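Counted from 1, the sequence shown has number 359 at position 359 by UniProt numbering; the numbering is strictly sequential.
Positions of the beta carbon are idealized from the N, C-alpha and C atoms, including for glycine.
For clarity, every value in this text was computed on a predicted model and none was experimentally measured.
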Amino acid sequence: APSYTELLGSSAGGSPPSPASVGEAAQGLVARMVDDFWRRVAAAHYIPEQESFTGFLRRFLASGVSGQEAIFHPQGDIFQVYLWGAPGIGKSEFVKQFRAALEAVVQEHVQPDMTVSVVKVLLNAMTKQSMKAVANVKGISDMSIERLCEQSLAKGHIVILHLEENPEDPQLQADLYEVSHGILSSLVSRYRPAKAHIVYLYTSNYPASETIRDHLTVVNVRPPSPAAQRRWCEDMLRETVQEITGRSAVSLEADLPCIPLGDMRRLKQWWMSVGFHVGARARQALGSGDSGVSATVSQGDTGAMAELTLRSEDGVFHFPEEEGGLSDLQALGIPQERQPRIATVVRMCLEEFLRPAVVVLTGRSDAKARHQEAVLSLLRREAGADCVSVADVSLQEEDDKVKVFGAPSEVQGGLFKFINEVNGAGAGERRRFAAITAHVSATGQFMLRELLEGGASSTHRLGVRKERVLFILDVNEGEALQPQFHSRAHEIFAC
Numbered sequence: 001a002p003s004y005t006e007l008l009g010s011s012a013g014g015s016p017p018s019p020a021s022v023g024e025a026a027q028g029l030v031a032r033m034v035d036d037f038w039r040r041v042a043a044a045h046y047i048p049e050q051e052s053f054t055g056f057l058r059r060f061l062a063s064g065v066s067g068q069e070a071i072f073h074p075q076g077d078i079f080q081v082y083l084w085g086a087p088g089i090g091k092s093e094f095v096k097q098f099r100a101a102l103e104a105v106v107q108e109h110v111q112p113d114m115t116v117s118v119v120k121v122l123l124n125a126m127t128k129q130s131m132k133a134v135a136n137v138k139g140i141s142d143m144s145i146e147r148l149c150e151q152s153l154a155k156g157h158i159v160i161l162h163l164e165e166n167p168e169d170p171q172l173q174a175d176l177y178e179v180s181h182g183i184l185s186s187l188v189s190r191y192r193p194a195k196a197h198i199v200y201l202y203t204s205n206y207p208a209s210e211t212i213r214d215h216l217t218v219v220n221v222r223p224p225s226p227a228a229q230r231r232w233c234e235d236m237l238r239e240t241v242q243e244i245t246g247r248s249a250v251s252l253e254a255d256l257p258c259i260p261l262g263d264m265r266r267l268k269q270w271w272m273s274v275g276f277h278v279g280a281r282a283r284q285a286l287g288s289g290d291s292g293v294s295a296t297v298s299q300g301d302t303g304a305m306a307e308l309t310l311r312s313e314d315g316v317f318h319f320p321e322e323e324g325g326l327s328d329l330q331a332l333g334i335p336q337e338r339q340p341r342i343a344t345v346v347r348m349c350l351e352e353f354l355r356p357a358v359v360v361l362t363g364r365s366d367a368k369a370r371h372q373e374a375v376l377s378l379l380r381r382e383a384g385a386d387c388v389s390v391a392d393v394s395l396q397e398e399d400d401k402v403k404v405f406g407a408p409s410e411v412q413g414g415l416f417k418f419i420n421e422v423n424g425a426g427a428g429e430r431r432r433f434a435a436i437t438a439h440v441s442a443t444g445q446f447m448l449r450e451l452l453e454g455g456a457s458s459t460h461r462l463g464v465r466k467e468r469v470l471f472i473l474d475v476n477e478g479e480a481l482q483p484q485f486h487s488r489a490h491e492i493f494a495c
């Protein structure tokens, strides 16, 4: 094992170390593994509040260090954690970073062939009855949660059973916990020596019910400090401009007094949209020169290559005056000040910068219909009418979940299937776009939380990539947009 000599305290063949010295060396190893874990998470530009999770992480790593053997074998009970906090602070993103960093740390320090996998179950798609139906799928089916977990446990690896979007209702929390814990009990009965290889992890916007508090370690996830957020924003803004321009190095001097704090999705929108506009203008000014050479472009006495005036109405930044081409939006009765906002979101979707792009419409039905047509007509014009596939769904009640996730009997269905068929790997070389209009109640909004989240989505049976995907959320007239969706939307139009 990489830690062999370190834990022995001497090279192979020397006098055996005392148990006390091995224990002390193991504590030092675990401390370095914890530090290495957070270093890797920080390198991925994720900035959690560390103290709330370090205690759990240290206990888990310490239980798996077993002296000179090249095996990471956690001992004891299943590690059970409930992560909760306000929307937009990065709970689900942390699970992704936790998996990657944990795997890398264990491989480097203890067991080079160890893998860590995630089996994710979306609880916002579940009732107690549907959860039971999923839990009862056995055998070789790819829909079986147990089978996917077994693939890791049977090889001595680690599996994270991620139960995402735990609902608010305490009774439903308790019901879903009862079913999911039954899955764990079944796994443990067959893989008892490996039970501590299971990390049972919830994420939720809501406090844990009494049932869950009695069994899981509850961690209240908080946003990082304002200073850490500003540093992260500067780093990501620099990398965004560097990626768009194709330059090997970009220097950045930024005065960032107005960065939104507390909601990490909003912060991401800030640097993404500012970086998009700055990078596009920089690319235009730099031309098609050698992308491996840094360049400085200046203009006039200010030394600036371009001066940009950007504006935001609680969404992505846009130019207040778009460069023409929006007469068709004017003909649809779209107010002039809203036209560049629509154009910016469509352009960012076209360049696969927003994955997915999300436009929310609230208010009167007739005005919402005009805005919907404006977004779709501009997307068709810019992408090509034959390159845009449109879906229109109504999500009002619990039974409508099949329109999003497909029926339990389907390998893939609903909007997951639609998106994959439009722009998945089998769609051919032509760039195609999926435009989805969803007419939603509060219940329907909740169903779409995973699909509206930025980046790829995967569950224990479903997976989807979201580049070239645009959502139009038509909130029922007289109803409000739920708070957790404000940070998922790139533009919100009150019609």
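Distance between residue j and residue i (C-alpha atoms, nearest Å)
{"i": "phenylalanine 79", "j": "isoleucine 198", "result": "7 Å"}
{"i": "methionine 236", "j": "lysine 132", "result": "43 Å"}
{"i": "alanine 438", "j": "valine 359", "result": "11 Å"}
{"i": "alanine 295", "j": "threonine 309", "result": "Because the pLDDT at alanine 295 is just 39, under 50, the model does not fix this residue reliably, and the point stays unresolved."}
{"i": "tryptophan 84", "j": "valine 219", "result": "6 Å"}
{"i": "alanine 44", "j": "phenylalanine 94", "result": "10 Å"}
{"i": "glycine 426", "j": "asparagine 476", "result": "Its pLDDT being 49, under 50, glycine 426 is placed unreliably in this model, and the value from its coordinates should be taken loosely. Cα to Cα, the separation comes out at about 35 Å."}
{"i": "leucine 376", "j": "glutamate 313", "result": "21 Å"}
{"i": "lysine 401", "j": "valine 422", "result": "20 Å"}
{"i": "valine 65", "j": "valine 41", "result": "21 Å"}
{"i": "lysine 128", "j": "valine 121", "result": "13 Å"}
{"i": "serine 225", "j": "leucine 57", "result": "21 Å"}
{"i": "arginine 338", "j": "glutamate 351", "result": "20 Å"}
{"i": "leucine 163", "j": "leucine 201", "result": "6 Å"}
{"i": "arginine 230", "j": "serine 251", "result": "16 Å"}
{"i": "alanine 194", "j": "asparagine 136", "result": "22 Å"}
{"i": "leucine 249", "j": "valine 393", "result": "Checking the displayed sequence, the identity of residue 249 turns out to be alanine instead of leucine. If I take the Cα positions, the gap works out to 45 Å."}
{"i": "phenylalanine 276", "j": "glutamine 284", "result": "12 Å"}
{"i": "alanine 174", "j": "methionine 126", "result": "13 Å"}
{"i": "glycine 292", "j": "alanine 494", "result": "Because glycine 292 sits at a pLDDT of 38, beneath the cut-off of 50, its placement in the model cannot be relied upon, and the point is left open."}
{"i": "aspartate 399", "j": "histidine 490", "result": "28 Å"}
{"i": "alanine 391", "j": "valine 411", "result": "20 Å"}
{"i": "valine 221", "j": "arginine 432", "result": "38 Å"}
{"i": "arginine 488", "j": "alanine 20", "result": "52 Å"}
DSSP-derived helix/strand/coil call for residue i
{"i": "isoleucine 78", "result": "coil"}
{"i": "glycine 289", "result": "Because glycine 289 carries a pLDDT of 46, less than 50, the predicted location of this residue cannot be relied on, and no value is offered for it."}
{"i": "leucine 83", "result": "strand"}
{"i": "glycine 426", "result": "Low local confidence applies: a pLDDT of 49 at glycine 426 is under 50, so the model's placement there is unreliable, with the coordinate-based value given in what follows. Reduced to three states, the DSSP call for glycine 426 is helix."}
{"i": "threonine 443", "result": "helix"}
{"i": "alanine 407", "result": "coil"}
{"i": "valine 219", "result": "strand"}
{"i": "leucine 187", "result": "helix"}
{"i": "phenylalanine 353", "result": "coil"}
{"i": "histidine 157", "result": "coil"}
{"i": "lysine 466", "result": "coil"}
{"i": "threonine 344", "result": "helix"}
{"i": "tyrosine 200", "result": "strand"}
{"i": "glutamate 313", "result": "coil"}
{"i": "serine 394", "result": "strand"}
C-beta atoms of residue i and residue j nearer than 8 Å
{"i": "glutamate 165", "j": "arginine 449", "result": "yes"}
{"i": "leucine 172", "j": "tyrosine 82", "result": "no"}
{"i": "proline 223", "j": "methionine 272", "result": "no"}
{"i": "leucine 378", "j": "leucine 415", "result": "no"}
{"i": "arginine 341", "j": "histidine 318", "result": "yes"}
{"i": "glutamate 373", "j": "valine 346", "result": "no"}
{"i": "proline 483", "j": "valine 134", "result": "no"}
{"i": "residue 498", "j": "isoleucine 158", "result": "This structure gives no information on residue 498, because the portion of the chain shown stretches from 1 to 495."}
{"i": "arginine 468", "j": "alanine 456", "result": "no"}
{"i": "leucine 153", "j": "leucine 187", "result": "yes"}
{"i": "leucine 470", "j": "cysteine 349", "result": "yes"}
{"i": "leucine 61", "j": "valine 30", "result": "yes"}
{"i": "alanine 196", "j": "glycine 76", "result": "yes"}
{"i": "valine 105", "j": "phenylalanine 53", "result": "no"}
Nearest neighbour of residue i, chosen from the options [CA to CA]
{"i": "glutamate 453", "options": "Pro87, Asp36, Ile71", "result": "Pro87"}
{"i": "glutamate 397", "options": "Cys387, Val119, Ser441", "result": "Ser441"}
{"i": "aspartate 474", "options": "Leu361, Glu491, Glu51, Leu451", "result": "Leu361"}
{"i": "glutamate 108", "options": "Arg192, Asp35, Leu148", "result": "Asp35"}
{"i": "glycine 478", "options": "Ala104, Lys155, Arg364, Met114", "result": "Arg364"}
{"i": "glycine 463", "options": "Gly413, Val110, Gly76, Val106", "result": "Gly413"}
{"i": "alanine 435", "options": "Val388, Val411, Glu24", "result": "Val388"}
{"i": "aspartate 113", "options": "Gly275, Lys91, His73", "result": "His73"}
{"i": "tyrosine 206", "options": "Ser458, Pro170, Val316", "result": "Pro170"}
{"i": "alanine 480", "options": "Arg461, Ser458, Phe446", "result": "Phe446"}
{"i": "glycine 444", "options": "Phe433, Lys403, Phe53, Leu176", "result": "Lys403"}
message: Quick test of the definition: if touching needs 3 or more C-beta pairs under 8 Å, does the segment 83 to 100 touch the segment 363 to 373?
response: no
message: Within 8 Å, do at least three Cβ pairs link the segment 238 to 254 to the segment 201 to 217?
response: no
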